[in-house]
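Data block below; observations after.
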Amino acid sequence: MQISIVDRDKKLLGFLQRIVGDSRLSPHHLALATALCQRWIVNEFHYSYNVSRNMLMKASRIRSQVTYHKVMKDLERYGYLRYNPSYHPKAGSVIILLFDFETVTS
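All residue numbers for the sequence shown refer to the numbering used here, where the first residue is 1 and numbers rise by one.
Below, the structure written as C-alpha coordinates:
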(Lines of atoms letter the chains of each structure in order from A and count residues from 1; the text may use other names and numbers.)
(Lines give C-alpha, C1' and ligand atoms only; values in the text may rest on other atoms or scores of the structure.)
Protein backbone atom coordinates (compact mmCIF):
# COMPACT_ATOMS: atom_id res chain seq x y z
CA MET A 1 0.00 0.00 0.00
CA GLN A 2 1.44 3.34 -1.10
CA ILE A 3 1.18 6.17 1.40
CA SER A 4 -0.10 9.51 0.06
CA ILE A 5 2.23 12.49 0.05
CA VAL A 6 -0.03 14.39 2.45
CA ASP A 7 -0.23 11.47 4.90
CA ARG A 8 3.50 10.90 4.62
CA ASP A 9 4.26 14.54 5.38
CA LYS A 10 1.81 14.60 8.32
CA LYS A 11 3.35 11.44 9.78
CA LEU A 12 6.88 12.78 9.46
CA LEU A 13 5.99 16.19 10.89
CA GLY A 14 4.12 14.63 13.81
CA PHE A 15 7.02 12.29 14.52
CA LEU A 16 9.55 15.13 14.50
CA GLN A 17 7.34 17.38 16.65
CA ARG A 18 6.99 14.56 19.18
CA ILE A 19 10.74 14.08 19.35
CA VAL A 20 11.54 17.79 19.66
CA GLY A 21 8.98 18.15 22.46
CA ASP A 22 10.20 15.16 24.49
CA SER A 23 12.31 16.43 27.41
CA ARG A 24 13.79 12.95 27.98
CA LEU A 25 15.74 13.15 24.74
CA SER A 26 19.30 14.43 24.38
CA PRO A 27 20.97 15.87 21.27
CA HIS A 28 22.16 12.31 20.51
CA HIS A 29 18.54 11.11 20.42
CA LEU A 30 17.53 13.99 18.16
CA ALA A 31 20.45 13.38 15.81
CA LEU A 32 19.82 9.64 15.55
CA ALA A 33 16.06 10.13 15.06
CA THR A 34 16.79 12.63 12.28
CA ALA A 35 19.18 10.16 10.61
CA LEU A 36 16.50 7.44 10.87
CA CYS A 37 13.93 9.74 9.23
CA GLN A 38 16.39 10.54 6.47
CA ARG A 39 16.93 6.81 5.83
CA TRP A 40 13.13 6.28 5.77
CA ILE A 41 12.90 8.90 3.01
CA VAL A 42 15.85 7.41 1.08
CA ASN A 43 14.20 3.97 1.37
CA GLU A 44 11.10 5.38 -0.32
CA PHE A 45 8.92 5.50 2.79
CA HIS A 46 8.69 1.74 3.28
CA TYR A 47 7.06 0.54 6.49
CA SER A 48 10.26 -1.24 7.52
CA TYR A 49 13.75 -0.73 6.19
CA ASN A 50 17.32 -1.85 6.81
CA VAL A 51 20.06 0.37 8.18
CA SER A 52 23.69 -0.08 9.07
CA ARG A 53 25.06 1.04 12.40
CA ASN A 54 28.09 2.64 10.77
CA MET A 55 25.98 4.75 8.43
CA LEU A 56 23.66 5.91 11.24
CA MET A 57 26.57 6.70 13.55
CA LYS A 58 28.22 8.77 10.84
CA ALA A 59 24.99 10.60 9.93
CA SER A 60 24.14 11.35 13.57
CA ARG A 61 27.73 12.20 14.57
CA ILE A 62 27.68 9.57 17.32
CA ARG A 63 31.21 8.26 17.83
CA SER A 64 30.66 5.59 20.49
CA GLN A 65 28.95 2.26 19.82
CA VAL A 66 27.85 2.22 23.47
CA THR A 67 26.11 5.58 23.03
CA TYR A 68 24.57 4.47 19.74
CA HIS A 69 23.07 1.31 21.27
CA LYS A 70 21.83 3.17 24.37
CA VAL A 71 20.14 5.85 22.28
CA MET A 72 18.59 3.29 19.91
CA LYS A 73 17.22 1.31 22.88
CA ASP A 74 15.86 4.52 24.43
CA LEU A 75 14.06 5.47 21.21
CA GLU A 76 12.50 2.02 21.10
CA ARG A 77 11.54 2.07 24.79
CA TYR A 78 9.96 5.53 24.44
CA GLY A 79 7.78 4.30 21.56
CA TYR A 80 9.42 6.00 18.60
CA LEU A 81 10.47 2.89 16.72
CA ARG A 82 10.82 -0.86 16.59
CA TYR A 83 14.41 -2.02 16.30
CA ASN A 84 15.48 -5.50 15.28
CA PRO A 85 19.29 -5.53 15.46
CA SER A 86 21.29 -7.63 13.05
CA TYR A 87 24.64 -9.03 13.92
CA HIS A 88 25.44 -9.67 10.27
CA PRO A 89 27.68 -6.90 8.90
CA LYS A 90 26.00 -6.79 5.47
CA ALA A 91 22.34 -7.43 6.38
CA GLY A 92 21.74 -4.35 8.53
CA SER A 93 19.23 -3.89 11.32
CA VAL A 94 15.51 -3.54 10.62
CA ILE A 95 13.80 -0.31 11.65
CA ILE A 96 10.10 0.51 11.82
CA LEU A 97 9.33 4.12 12.71
CA LEU A 98 6.17 4.38 14.82
CA PHE A 99 4.14 7.25 13.45
CA ASP A 100 0.70 6.28 14.75
CA PHE A 101 0.57 7.14 18.41
CA GLU A 102 -1.64 8.47 21.16
CA THR A 103 0.91 9.63 23.71
CA VAL A 104 4.52 8.87 24.52
CA THR A 105 4.79 6.65 27.59
CA SER A 106 7.75 6.45 29.93
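All residues carry an ideal CB built from backbone N, CA and C; glycine is no exception.
{"query": "Would you call the segment 49-64 in contact with the segment 7-24, where contact means no fewer than 3 C-beta pairs closer than 8 Å?", "result": "no"}
{"query": "Using the beta-carbon count (16 or more within 10 Å), is Y80 buried or exposed?", "result": "buried"}
{"query": "Less than 8 Å between the C-beta atoms of H28 and V66, yes or no?", "result": "no"}
{"query": "In angstroms, rounded to a whole number, what distance separates the CA positions of S107 and I41?", "result": "Lying before the first or after the last residue shown, residue 107 is absent from the chain, which here runs from 1 to 106."}
{"query": "Using the Cα positions of Y87 and A33, report the straight-line distance between them to the nearest angstrom.", "result": "21 Å"}
{"query": "Going residue by residue through the segment 14-53, where are the continuous beta strand (DSSP E) segments of at least 3 residues, counting only ones entirely within it?", "result": "49-51"}
{"query": "Any idea what DSSP makes of Y87, helix, strand or coil?", "result": "coil"}
{"query": "Please determine, among L30, S26, I3, the residue with the shortest C-alpha to C-alpha distance to F15.", "result": "L30"}
{"query": "Determine the direct distance from the alpha carbon of L75 to that of K10, and round the result to whole angstroms.", "result": "20 Å"}
{"query": "On a Cα-Cα basis, can you pick out the residue from H69, L12, K73 that is closest to E44?", "result": "L12"}
{"query": "Given a threshold of 16 other Cβ atoms within 10 Å of its Cβ, counted over all protein chains shown, does K90 qualify as buried or as exposed?", "result": "exposed"}
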